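Reading through the structure tokens given below for one structure.
Number of protein chains: 2
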Amino acid sequence: MRGTRQAPGHLPPREDATGEFGPVPVTAIEQETGLSKEVVRKWEDRFGFPHPHRDSQGNRLYPREQVASLRLIQRLLSAGYRPRMVVGRPLDVLEQMVADVTADAEAGAPDEVKRVLDDIRQGDHTGIRNALTALLRRQGLPRFVKETAAPLSALVGEAWLRGDIHVFQERLFSEALADILREASLSASSSDGHPRILMTTPPGETHILGLRMAEAILALDGACCINVGPQLPAAELVLAADRLDIDIVALSLSLAFPERAAAAFLRELRKLLPEAVEIWAGGMGANRGALAVPGVRFLPDITAAEEALKQFAAR
Amino acid sequence: MRGTRQAPGHLPPREDATGEFGPVPVTAIEQETGLSKEVVRKWEDRFGFPHPHRDSQGNRLYPREQVASLRLIQRLLSAGYRPRMVVGRPLDVLEQMVADVTADAEAGAPDEVKRVLDDIRQGDHTGIRNALTALLRRQGLPRFVKETAAPLSALVGEAWLRGDIHVFQERLFSEALADILREASLSASSSDGHPRILMTTPPGETHILGLRMAEAILALDGACCINVGPQLPAAELVLAADRLDIDIVALSLSLAFPERAAAAFLRELRKLLPEAVEIWAGGMGANRGALAVPGVRFLPDITAAEEALKQFAAR
DNA sequence: CGACTTTTATGTCCAGGACAAAACAAGGCG
DNA sequence: CGCCTTGTTTTGTCCTGGACATAAAAGTCG
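Line by line, the protein sequences give chains A and B.
When we follow our numbering, the leftmost residue of the first sequence carries the number 568, and every step to the right adds one.
When we follow our numbering, the leftmost residue of the second sequence carries the number 568, and every step to the right adds one.
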């Protein structure tokens, strides 16, 4: 996306005594929470929260703590809560609610997954990569994706939300997994495979791990996956589908991606694409309730994607 | 950034006789041109352009033609023009200006590079990958990066600017090159290499090809490159440098990244990082005039990066 | 011609209001 | 009691018109 909003002119984060960083301007809120500044301002009107300080110029400066609350609120919203129920609640209450929502999925995770999580917590760059590579070899690609990569991503995402791990630690993991999946896809892919699947995310959706997992699996099953990177505008997508002779457009939606925008995008896409081209939507954000768009196939998990591919091949 | 607000049936894209689409709401402008709605509205005040219709509710609806103009304007701005000079000019004039700006640097390019450009124009997914892979094998990594990857990226960027190739075509190329560089980095990298280099971009900077090129080269020369993905906030970067025992932080800045934000980010980083940790800044955006930040080493091109690494190793 | 100062251009933020679509609640009828 | 229809509240997005800091350009002086 060419025109993503740039960092503001003056320095947002400022050191304070504790080594933490001071209040952040509204622009940073958008980046850090995914909530638009308009909505945050409206909440201020309606609920009295957040309650930012002001700089000398009258611009809002949000204390770190309120940003943390907003992040939790965003998470709860995407879990189905309405703003009225969560905006303005104290931080600890929100934390408890998030903890309830994301029950202890970690407890039930397999040992191998837990061990990788430890590596991530330690920030052990090579440890993460080695562990993942070893698991891939041991389990084989399909099991690796289903039993390791997918649950691990979910757990890491939750841990990040809970403030349990740092951004850079999540990045170390994401990059490592992306590398490994990419390599697996490359070695599995056949350029003349069938069907031809175009893989991308809607504009605004930056999470691509799910897409890479799907790519690896589908390529293994003989499809020709063409990845055009995240955030391809609808018009470009239609053009690409035509020029590249695409059978299926596969999209990945994360939970962070607003349902509204997702539905609108899918509906528009369905209208613009030829009927012969199928649309598959997967990812955590795709199995939310109201996302029923006619002519779009929803794939709640990797297994569903494999199934869909089998059915397609049968025709 | 957040939801496209769209009524189920009637709002944005409406087919008309030509197969084109009808007026689009302001939200679509942001996605399609990368210009924020606030800026577009201000231009309407100040220059009388764009001049959208209104729907029954008073909301703006931009005719397709004006959207096209805005897209060209955006390109001209990123090429250095000021809004006053371009906003409101007729469509054909803008087209001419864009053509003039991106004169044919392509003419002087080597034949191999031209051939890849043709593949990109054709949208030949596998052709691009095969051509790049073959060139890498023939030239070896250092020459491939310096003589093929770098100039090719520049040419593709210009062609995109000119409207000569589509976004999805640029993406095909970027993904292919990223894959190839990634693989090269992986096979070259040693986890216990020295120095330990943390690679990322400032928040707001999404271009990473330059970083990947540098990574491949530096890894080949024995460094341990740790890539944490683009747009790592300064605070996280400092944390990561500490936990990962980093010697050098390498940043990539594109021309699109505003100089002021870049300088601010670098200054802040220099303040927050321990003195022992070096900061290297590379990419097209790094050799602009006023970017002299004390304690930051600027690397105008890949060769300079190699040189810097040699000097570091000598100490 | 170069460093400094003034002016203009430009992007971002603000306040407070309006409105439609979505979510929710309530009532009516099989 | 369940399901559909209808009224009410909630919520997100857009609007107008204005203020202001900073980047860029123009002007000034040594």
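No residue lacks a Cβ here, since even glycine has one placed at the ideal position from N, Cα and C.
Computed from a predicted structure; not experimentally measured.
Exercise for the section: Please confirm whether ILE695/A and VAL683/A have their CB atoms less than 8 Å apart. Expected result: Residue 695/A sits at position 128 when you count from the first residue of the first sequence. Residue 683/A sits at position 116 when you count from the first residue of the first sequence. Result yes, Cβ atoms of ILE695/A and VAL683/A sit closer than 8 Å.
Exercise for the section: To the nearest angstrom, report how far apart ALA783/A and ALA745/A are at their CA atoms. Expected result: As a first step, residue 783/A must be located in the first sequence, where it is residue number 216. As a first step, residue 745/A must be located in the first sequence, where it is residue number 178. Looking at the two C-alpha atoms, the distance is approximately 10 Å.
Practice task
Rounded to whole angstroms, what's the CA-CA distance from LEU719/B to ARG738/B? Just pull it up for me.
Solution key: For this step, residue 719/B is matched to residue 152 along the second sequence. For this step, residue 738/B is matched to residue 171 along the second sequence. Rounded to whole angstroms, LEU719/B to ARG738/B spans 13 Å at the Cα level.
Problem - Partner residues on chain A for GLN598/B, Cβ-Cβ distance less than 7 Å - result: Here the question's residue 598/B lines up with position 31 in the second sequence. Under the 7 Å cutoff, chain A gives PRO770 and PRO800.
Handout entry: Assigned exposure category for GLU597/A - 16 Cβ within 10 Å defines buried
Key = Working through the first sequence from its first residue, we reach residue 597/A at position 30. By the neighbour-count rule (16 or more Cβ atoms within 10 Å), GLU597/A is buried.
Handout entry: Nearest residue (CA-CA) to PHE740/A, options ALA831/A, MET851/A, ALA698/A and LEU658/A
Key = As a position in the first sequence, residue 740/A is number 173, starting the count at 1. Of ALA831/A, MET851/A, ALA698/A and LEU658/A, the residue nearest in Cα terms is ALA698/A.
Practice task
Inspect the beta-carbon positions of ILE815/B and GLU772/B and report whether they are closer than 8 Å.
Solution key: The residue labelled residue 815/B in the question sits at position 248 within the second sequence. The residue labelled residue 772/B in the question sits at position 205 within the second sequence. Going by C-beta atoms, ILE815/B is not nearer than 8 Å to GLU772/B.
Exercise for the section: Consider the Cβ of PHE879/A: report whether some Cβ of chain B lies at a distance smaller than 8 Å. Expected result: Looking up residue 879/A in the first sequence gives position 312. No, PHE879/A lies away from the interface with chain B (no Cβ there is under 8 Å from its Cβ).
Problem - Min CB distance ARG738/A to chain B below 8 Å - result: Reading the first sequence from its first residue, position 171 is the one you call residue 738/A. Yes, ARG738/A counts as interfacial toward chain B.
Problem - Amino acids of chain A, ordered along the chain, whose beta-carbon sits closer than 8 Å to that of LEU753/B - result: Numbered from 1 along the second sequence, position 186 holds the residue referred to as residue 753/B. Going along chain A in sequence order, the residues near LEU753/B (Cβ under 8 Å) are ASP746 and GLU750.
Practice task
Give a yes or no on whether the minimum CB-CB distance between PHE865/A and chain B is below 8 Å.
Solution key: Numbered from 1 along the first sequence, position 298 holds the residue referred to as residue 865/A. No, no contact with chain B.
Exercise for the section: Enumerate, from N- to C-terminal direction, the unbroken alpha helix (DSSP H) stretches of 4 or more residues contained entirely within the segment 624–679 of chain A. Expected result: 631–645, 650–653 and 658–668
Problem - Reduced DSSP secondary structure (H/G/I, E/B, other) of ALA790/B - result: Indexing the second sequence from 1 puts residue 790/B at position 223. Coil, per DSSP.
Problem - Where ALA857/A sits in the DSSP three-state scheme - result: Position 290 of the first sequence, counted from the first residue, corresponds to residue 857/A. Low confidence applies here, because ALA857/A scores a pLDDT of 49, under 50, leaving its location unreliable and the question unanswered by this model.
Problem - Residues of its chain near ARG864/A, where Cβ-Cβ distance is below 8 Å and the 5 sequence neighbours each way are ignored - result: What you label residue 864/A is simply residue 297 of the first sequence in a count that begins at 1. Contacts found: GLU845, ILE846, TRP847, ALA848 and ALA875.
Handout entry: Short-range partners of chain A found in the segment 691–702 of chain B, where Cβ spacing is below 7 Å
Key = HIS692 and THR693
Practice task
Give the straight-line distance between the Cα atoms of GLU803/A and HIS733/B, rounded to the nearest whole angstrom.
Solution key: By one-based count along the first sequence, residue 803/A stands at place 236. By one-based count along the second sequence, residue 733/B stands at place 166. Spanning the two alpha carbons is a distance of roughly 7 Å.
Problem - Where the alpha helix (DSSP H) containing LEU876/A begins and where it ends - result: By 1-based counting over the first sequence, the position of residue 876/A is 309. That run of the alpha helix (DSSP H) goes 869–881.
Problem - Neighbour flag for VAL844/B against chain A, beta carbons, 8 Å - result: Translated into positions along the second sequence, residue 844/B becomes position 277. Not one chain A Cβ lies under 8 Å of VAL844/B.
Problem - Inter-residue spacing [alpha-carbon to alpha-carbon] between GLU873/B and MET664/A - result: By 1-based counting over the second sequence, the position of residue 873/B is 306. By 1-based counting over the first sequence, the position of residue 664/A is 97. Roughly 51 Å between the two C-alpha positions.
Exercise for the section: To the nearest angstrom, report how far apart ALA701/B and HIS774/B are at their CA atoms. Expected result: Taking the first residue of the second sequence as 1, we reach residue 701/B at position 134. Taking the first residue of the second sequence as 1, we reach residue 774/B at position 207. Rounded to the nearest angstrom, the two C-alpha atoms are 25 Å apart.
Practice task
Please state if the CB of ARG763/B and the CB of LEU822/B are separated by a distance shorter than 8 Å.
Solution key: To locate residue 822/B, count along the second sequence from 1; it is residue 255. To locate residue 763/B, count along the second sequence from 1; it is residue 196. In this structure, ARG763/B does not lie closer than 8 Å to LEU822/B by Cβ.
Exercise for the section: Identify which residue in LEU820/A, ALA830/A and GLU842/A has its Cα closest to the Cα of MET851/A. Expected result: For the purposes of this step, residue 851/A is taken as residue 284 along the first sequence, with counting starting at 1. Comparing Cα-Cα distances from MET851/A to each of LEU820/A, ALA830/A and GLU842/A, the minimum goes to LEU820/A.
Exercise for the section: Kindly indicate which three-state DSSP category PRO709/A falls into: helix, strand or coil? Expected result: By 1-based counting over the first sequence, the position of residue 709/A is 142. It is helical.
Handout entry: From PRO800/A, LEU644/A, SER752/A and ARG837/A, residue whose alpha carbon lies closest to that of VAL668/A
Key = Residue 668/A sits at position 101 when you count from the first residue of the first sequence. The option with the nearest alpha carbon to VAL668/A is LEU644/A.
Problem - Residues near GLU835/B in its chain [Cβ-Cβ closer than 7 Å; skip 5 each side] - result: As a first step, residue 835/B must be located in the second sequence, where it is residue number 268. Cβ neighbours of GLU835/B beyond the five flanking positions: ALA801.
Exercise for the section: Mind the definition here: the segment 646–664 of chain B touches the segment 606–614 of chain B only if three or more C-beta pairs lie below 8 Å; say whether that holds. Expected result: yes
Problem - Inter-residue spacing [alpha-carbon to alpha-carbon] between PHE832/B and ASP809/B - result: By one-based count along the second sequence, residue 832/B stands at place 265. By one-based count along the second sequence, residue 809/B stands at place 242. Using only the alpha carbons, I get a separation of about 18 Å.
Practice task
Go to SER752/B, then tell me how far its alpha helix (DSSP H) extends in each direction, as first and last residue.
Solution key: Position 185 of the second sequence, counting from 1, holds the residue named residue 752/B. Per DSSP, SER752/B belongs to the alpha helix (DSSP H) from 734–755.
Problem - Among ILE793/A, ASP788/A and GLY789/A, the one whose alpha carbon lies nearest that of THR768/A - result: In the first sequence, counting from the first residue as 1, residue 768/A sits at position 201. Nearest option by C-alpha distance: ILE793/A.
Problem - Closest Cα partner of VAL860/B within the set ALA830/B, LEU839/B and HIS761/B - result: The residue you call residue 860/B lines up with position 293 of the second sequence. Nearest C-alpha to VAL860/B: ALA830/B.
Practice task
Return no unless some Cβ of chain B is closer than 8 Å to the Cβ of GLU742/A.
Solution key: Position 175 of the first sequence, counted from the first residue, corresponds to residue 742/A. GLU742/A counts as touching chain B.
Problem - 8 Å Cβ cutoff met for PHE735/A and LEU799/B - result: The residue given as residue 735/A occupies position 168 in the first sequence. The residue given as residue 799/B occupies position 232 in the second sequence. The answer is yes: Cβ separation under 8 Å.
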